[in-house]
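Numbering (the UniProt record's numbering), first residue to last: 1 to 332. Note that beta-carbon positions come from the ideal geometry of N, C-alpha and C, so glycine has one too. Read the structure below first, then the notes.
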């Protein structure tokens, strides 16, 4: 029994897929070796008159027209084999389709307004996919405000004026998507990627700048593994556009002081210990001065304004009144 295939690409001759000898031995044809079908082809003898051929893990390249050719052999009286008859079956048309494309991509928000130095969070959701075995390559693109013309419709995306913000491949390698980001991911990067679930991705841009304003969207590629263990891209889709506005902060004394660590400590931290030291020094000087004045008073005795009781000397025989002499601290 011989199994043949006529390729859908329109090959000139039918190609041998598998030959089963009358002894039961298997012999693969050139087509099987070329397409690496040996591991996927399975031939069975269901009964003496019924044979079956199974092609596992079919792929689109297996499409074509299949048929079998049967040869009947007998032995002559001398024990030699001879072919008695030969006939072929009808044709079986095989069409292998790729999974139906059901990839859908959605953006969580359509308009985001943030202040300068805050964070911008972009979400990318995949509510529908073509296969449960699919893997995704996710990239974010932006059209900066400087790239946009006044007449440009806000619903259109011009791929020529876009810039790649972040990408991750279907193999979960950063920067291995369909674009090369301007800013590489790393410990010092402003970009923070997160995969919350198998169909929900988010990208956070920390420390927003006025130049970050623009129109963002995520681009998703759906990948599948074929029977040859090679990845192929099944479908692509884009989310809707998210418009990001960054409000620029006006520089004030408070913002300038708080943004500079050295200036912040100089204004709000260093004056307090300096003033404390000055106050303590003044109090110590006043305390020592007060103690010194009290010690001087104790050494000099009575105060200068205190007057002793005057001593009077009077004689009754004297006709003149007594004379008083007053001096500080004494009476004569």
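Here the C-alpha atom of residue 94 lies approximately 21 angstroms from the C-alpha atom of residue 234. Taking the Cα positions, residue 131 is about 7 angstroms away from residue 99.
Spanning the alpha carbons of residue 39 and residue 223 requires a straight line of approximately 23 angstroms. Pairwise C-beta distances place the stretch 165–172 in contact with the stretch 120–139, as three or more of them are shorter than 8 angstroms.
In the DSSP assignment, residue 47 forms a beta bridge with 50. The straight-line gap separating the alpha-carbon atoms of residue 225 and residue 236 is approximately 16 angstroms. Straight-line spacing of the CA atoms in residue 240 and residue 215 works out to 10 angstroms.
Here the alpha carbon of residue 58 sits roughly 14 angstroms from the alpha carbon of residue 230.
Bounds of the beta strand (DSSP E) holding residue 127 are 120–128. Rounded to the nearest whole angstrom, the CA to CA distance from residue 108 to residue 201 is 10 angstroms. In its chain, beyond the 5 residues on either side, 183 have a beta carbon closer than 7 angstroms to the beta carbon of residue 189. Rounded to whole angstroms, residue 178 and residue 90 show a C-alpha spacing of 46 angstroms. Only residues of its own chain outside the window of five on either side were considered, and among them 51 have a CB closer than 6 angstroms to the CB of residue 45, listed in chain order. Its chain contains 22, 81, 82, 83 and 84 as the residues whose beta carbon lies nearer than 8 angstroms to that of residue 73, once the 5 sequence neighbours on both sides are disregarded; these appear in chain order.
Residue 249 is not a Cβ neighbour of residue 119, given a cutoff of 7 angstroms. Sequence-distant Cβ neighbours of residue 246 in its own chain, meaning closer than 7 angstroms and more than five residues away, are 114, 116, 208, 209, 210, 212 and 213. With 16 or more other Cβ atoms inside 10 Å of its own Cβ, residue 125 counts as buried.
Contact between residue 203 and residue 103 is ruled out by a C-beta separation of about 19 angstroms, above the 8 angstroms threshold. Across the structure, residue 76 and residue 19 are spaced so that their CA atoms are roughly 24 angstroms apart.
Residue 1 places its beta carbon less than 7 angstroms from that of residue 70. Within the DSSP secondary-structure output, residue 168 pairs in a beta bridge with 138 and 174.
Less than 7 angstroms separates the beta-carbon of residue 63 from that of residue 8. DSSP places residue 205 in the strand class (E or B) of the three-state scheme. Sequence-distant Cβ neighbours of residue 14 in its own chain, meaning closer than 6 angstroms and more than five residues away, are 4 and 6. Here residue 245 is bridged, per DSSP, to 113. Inter-residue distance for residue 281 and residue 187 is about 50 angstroms (C-alpha atoms, whole angstroms). Within the same chain, 112, 120, 212, 213, 214 and 216 come within 7 angstroms of residue 244 by CB-CB distance, once the 5 residues on both sides are set aside. Residue 163 holds the alpha-carbon nearest to the alpha-carbon of residue 181 among 106, 78 and 163. Where residue 222 is concerned, the enclosing beta strand (DSSP E) starts and stops at 214–225. Beta-bridge pairing by DSSP links residue 238 to 219.
In this structure, the straight-line span from the alpha carbon of residue 220 to that of residue 227 is close to 23 angstroms.
In the structure shown, residue 163 adopts extended strand secondary structure according to DSSP, grouped into three states.
Here residue 105 really is in contact with residue 238; their C-beta atoms are around 6 angstroms apart, less than 8 angstroms. Looking at 272, 78 and 87, the one whose alpha-carbon comes closest to that of residue 68 is 87. Between residue 110 and residue 197, the CB-CB gap reaches or exceeds 7 angstroms. In the DSSP assignment, residue 83 falls within the beta strand (DSSP E) that extends over 81–88.
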